[in-house]
Each structure stands twice: as structure tokens, then as C-alpha cells.
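Protein chains in written order, with this note's numbering: chain A, 3 to 321; chain B, -18 to 117. Think of the CB as a built atom: it goes at the ideal place given N, C-alpha and C, for glycine as much as any other residue. Every value quoted in this text rests on a predicted model; they were computed, and no experiment measured them.
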């Protein structure tokens, strides 16, 4: 057994080293923009996006602005160098293609873009003629996300003007992954119902009305969760609901893979959240990458209907 | 000619930007893809998009960047200098959805202002962006 395991570890190590060898490589020769920065393309962009900032098309307004002349929308940066309808012909083997083939051979066959970070050194003017270089910036170790298991690949595009001065750059991150195994749950399975009693149903009713409550003892003022009839601090049975602000911190978490319960998606992170009021609740994350989970991270509590009859709190983890 | 534009004295940390709701029509998603020279079929051809596992055509990333840029200057005006737009992508933007754009100032330093922008639709956040601008 141990021999097999170490063989697998060696394979993984070799694959990882092969992958890392691509980091820092330029993908190919600089790609020239097919056209200079120009008013017609700016107009098409601004019309389609509905961008009425006058510095892009109104010469008088542009002159009166900090730019003192017409400029292109900065977020158009990438558009100037797009290949267009015909795919770009790449001569010879590109390190990017070789890297993709290596990933493909290890069954990392799917791809989704996750981040795009543009930095602008200066705004562009009509007449600027750009070219772009692309470098493989970084490759992450194997990560498991809701999509599946894979590697985050970050490429870096640098944009240069006709004087070979850099005008902007872009980090573009994708994940190449093995799609997660097909869900074992029936497509119409709903999330399991909570076990409600006379003592806690008011709390779930609150969620249905978009309110996250904490129970407060009216005698000693202690806050408590989960809901119950008796104050664990002073044993008073008098209490009132107070609405939580909806912010907290990850106290701890686990990522469950098995057993899989119908109506839930796996891998399923389960978080212990310390609400800022001081009580602790169990919940799942929402709109959060598993890679971003960490003890101590701040969260916003989001109330989301999982179906017509059930609304639950979820933790949206700060990046 | 004088342009209405925010200055650094107009902003404070925690300030929220006016909301902007973008109705996502098929025309908008296609027109923005083509305006950004992005001819990938998933941005204009519904049958190919479905074949590739999508529910419908989807907004392209260049357009997402474009809307973040527009949202910032719709609020801050023509003298806001955008230094960087860092976008994290979430659920796709399909036709028929509405992208609700919201923003909040999270930091200021000298004339530099950091704004966090979200664009969400009925499925969750399509985009979470951190935008750095300089105000006069």
C-alpha cells in the first residue's frame, strides 16, 4: 500500500514540477493591435455599455477635463488588441499550449475565468498604437473548489504604446479543473427541513420574514443561541428577540464530502460563525470560493431562500 | 465649459454610490461582446452556448469591466482618474436578468479612493470589483 501511495506522490510531485516550469514564460511574440485607438471603436463601446462620460467622445468636454483631450475608456484596454473574428495564427508550439496539453493529459479539461485585474499607467488617446505581451505569471497548487479540483493559472498581459512605453497591464486568472463528479442527488431534491419545535419555530419564521434574530434574556440581558425556553445564565424563562446586525467572523469550519445528503451541494463547507453580538451559529457559505475560507475571516450574513418554504442564513466571506 | 465632477472633499469612507440597475437584454449582451471585438460564440450564439453547458449566451468579461468603469464615472464624473479595476467573477450574466450594481467607498488616502463594486443578478454576485481612482 505504502509503495503505491508514494508512487502517486512522486507522480504528483513530477507533474507539479513540470507545471511550475512554465511560470515566467512568454507565450509568444508581442501581439500588435490591429488598429490605432480610434473614435469609431470608442463610440461603439460607449453606445453598447451606455457610458455617457463626455471625455470619451465630446472634444470640448474632454479639453475641459483633467485629460485635456479625448481619451478611450480605460476598461477598453483589452479590446484594442483583441484578435477579432478570425482566430490568431500561432506559429510553432506556444508554452501556453504545451501547459494546457499537460493539464489536459491529467484530466484538467474544464476552464472557468475567475479574476481579471487591470492597472492603467495612463489613459489612451486616439492614434495610440498598442502591442501586448503575455507571460504565464503563476500556477497554484491543486485546489478543490465547488466546480471541481484544479489549478488556478494566472497570465499577465502587458500593453505597450508606439514608443514602447507600458500603458497598462492585466492579470487574468482562470481555473483549469476536473469537473466535480455528477451530483448524486435528484435534481428536484430540496434542502432537509429543520427540526422545529414550539421553542425554536419563531426563529425560522423570522428568517422567512428576512430577519435574523438572537434571543435575549429580559432578566439578565444575556444573548443566546440556539433558541431555547430557559436562559442558561440566569434560568429566567422571559426573553425577547433582537435582530442581529448580520456581521461576524469565522470561528472554525470543515469541508464535508461524504455522506452526501440530497438537496445539498458538495464539497459542502460548514462554518461556525461568531456573530459580532457574541453568539455562535452554524451555517454554509454563499458566493464564496472554498479557497477563501480561513479562520478569523470576516463575513456578512446573507439571508437566502433555499426554496419557497425555507430561508436560511449564509455567510458571505470577505475576500 | 465646466464639468460636474466629484472632488476628494466630497467623499468619505463608508459612503455608498447611487445604485444602477442594468437590464440585460440579448441585444445588450451581443452588442457589447461585438463592441469589444469578442466573437466567442458563447457571447452571441444561444445554441452553441447551450451545447457548451451554459443556459444561454453570457456577458463577456470585457463588458463586465466596462460596466464597472461606467458605474464609477457615472457617479464620480469625468475628472475621476481610474487607476485600476480588479474584478472577481461569479455567476454568469444571462439575458433576461438584471444586474444590480452597488458600490461603497472602502478606503481613502490622499486623493486616492478605493471603491468596492458588486454587480448581482437573481443567482448571486456576477462581479465583485475593487476599483482604485484618483479624485482632484
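Please name the residue in the options whose C-alpha comes closest to that of residue i.
i	options	result
residue 251 of chain A	A:263, A:233, A:318, A:240	A:318
residue 78 of chain A	B:50, B:61, B:32, B:73	B:50
residue 68 of chain B	A:173, A:178, A:179, A:57	A:173
residue 123 of chain A	A:168, A:152, A:17, A:299	A:168
residue 153 of chain A	A:285, A:120, A:113, A:171	A:113
residue 159 of chain A	A:165, A:82, A:129	A:82
residue 218 of chain A	A:85, A:228, A:212	A:228
residue 39 of chain A	A:54, A:27, A:58	A:58
residue 101 of chain A	A:120, A:29, A:209	A:29
residue 70 of chain B	B:37, B:105, B:56	B:105
residue 293 of chain A	A:161, A:143, A:165, A:212	A:143
residue 110 of chain A	A:89, A:151, A:99	A:151
residue 86 of chain A	B:54, B:115, B:21, B:-5	B:21
residue 235 of chain A	A:247, A:221, A:296	A:221
residue 257 of chain A	A:37, A:309, A:285	A:285
residue 109 of chain B	B:-2, B:86, B:116, B:100	B:100
residue 299 of chain A	A:291, A:321, A:63	A:321
residue 52 of chain B	A:84, A:48, A:138, A:315	A:48
residue 53 of chain A	B:30, B:31, B:47	B:47
Buried or exposed: where does residue i fall if 16 or more other Cβ atoms within 10 Å of its Cβ makes it buried?
i	result
residue 186 of chain A	Residue placement at residue 186 of chain A cannot be trusted, given a pLDDT of 46 that sits under 50; what the coordinates show is reported in the next sentence. Counting Cβ neighbours within 10 Å, residue 186 of chain A comes out exposed, since fewer than 16 surround it.
residue 24 of chain B	buried
residue 4 of chain B	exposed
residue 58 of chain B	buried
residue 74 of chain B	buried
residue 259 of chain A	exposed
residue 254 of chain A	exposed
residue 192 of chain B	Only positions -18 to 117 of chain B appear in this structure, which leaves residue 192 of chain B out of reach.
residue 311 of chain A	exposed
residue 112 of chain B	buried
residue 119 of chain A	buried
residue 237 of chain A	exposed
residue 78 of chain B	buried
residue 33 of chain B	exposed
residue 4 of chain A	With a pLDDT of 42 at residue 4 of chain A, under the threshold of 50, the predicted position of this residue should be treated as unreliable, though the coordinate-derived value follows. Classification of residue 4 of chain A: exposed, given that the 10 Å Cβ count is below 16.
residue 44 of chain B	buried
Strictly under 7 Å for the Cβ-Cβ distance: is residue i near chain B by that measure?
i	result
residue 47 of chain A	yes
residue 38 of chain A	no
residue 41 of chain A	no
residue 34 of chain A	no
residue 186 of chain A	Note that residue 186 of chain A has pLDDT 46, beneath the 50 cutoff, so the model's placement of it is unreliable and the number below is only indicative. Closer than 7 Å: no.
residue 116 of chain A	yes
residue 2 of chain A	Any property of residue 2 of chain A remains undetermined from this structure, which presents chain A solely from 3 to 321.
residue 140 of chain A	no
residue 250 of chain A	no
residue 324 of chain A	Since the displayed chain A opens at 3 and closes at 321, residue 324 of chain A lies outside it and no answer follows.
residue 120 of chain A	yes
residue 157 of chain A	no
Would you verify that the beta carbon of residue i is, or is not, closer than 7 Å to some beta carbon of chain A?
i	result
residue 89 of chain B	no
residue 16 of chain B	yes
residue 116 of chain B	no
residue -2 of chain B	no
residue 57 of chain B	no
residue 50 of chain B	yes
residue 39 of chain B	no
residue -18 of chain B	Caution applies to residue -18 of chain B, whose pLDDT of 41 falls short of 50 and renders its modelled position unreliable; the model cannot decide the point.
residue 108 of chain B	no
residue 46 of chain B	yes
residue 4 of chain B	no
residue 77 of chain B	no
residue 97 of chain B	no
residue 85 of chain B	no
residue 66 of chain B	yes
residue -15 of chain B	no
residue 155 of chain B	Residue numbering for chain B in the displayed model covers -18 to 117; residue 155 of chain B lies beyond these limits and cannot be assessed.
residue 70 of chain B	yes
residue 1 of chain B	no
residue -11 of chain B	no
Worksheet item: Counting pairs of Cβ atoms below 8 Å between the segment 193 to 208 of chain A and the segment 263 to 271 of chain A, do you hit three or more?
Response: yes
Worksheet entry | the segment 92 to 111 of chain A touching the segment 167 to 182 of chain A, judged by at least three CB pairs closer than 8 Å | yes
Fill in: Segment contact, 8 Å Cβ cut-off, at least three pairs: the segment 294 to 308 of chain A with the segment 233 to 243 of chain A
no
Worksheet item: Three or more beta-carbon pairs under 8 Å between the segment -12 to 4 of chain B and the segment 21 to 29 of chain A, yes or no?
Response: no
Discussion item. Give the list of continuous alpha helix (DSSP H) stretches no shorter than 4 residues that lie fully inside the segment 156 to 225 of chain A.
Written reply: 203 to 210
Worksheet item: Along the chain, which unbroken stretches of the alpha helix (DSSP H) at least 4 residues long are found entirely within the segment 80 to 156 of chain A?
Response: 97 to 107
Practice prompt. Could you tell me whether the segment 198 to 205 of chain A touches the segment 270 to 277 of chain A, where touching means 3 or more Cβ pairs closer than 8 Å?
Written response: no
Discussion item. Restricting to runs no shorter than 3 residues, where is the beta strand (DSSP E) found entirely within the segment -6 to 70 of chain B?
Written reply: 1 to 4, 62 to 70
Worksheet item: Do three or more CB pairs link the segment 131 to 139 of chain A to the segment 276 to 292 of chain A at distances below 8 Å?
Response: no
Worksheet entry | Sequence ranges, beta strand (DSSP E) only - wholly within the segment 260 to 296 of chain A, length at least 3 | 270 to 277, 282 to 287
Fill in: Runs of alpha helix (DSSP H) lying entirely within the segment 29 to 56 of chain A, each at least 4 residues, in chain order
41 to 51
Practice prompt. Flag this pair as touching only if the segment 36 to 54 of chain B and the segment -6 to 12 of chain B have three or more C-beta atom pairs under 8 Å; answer yes or no.
Written response: yes
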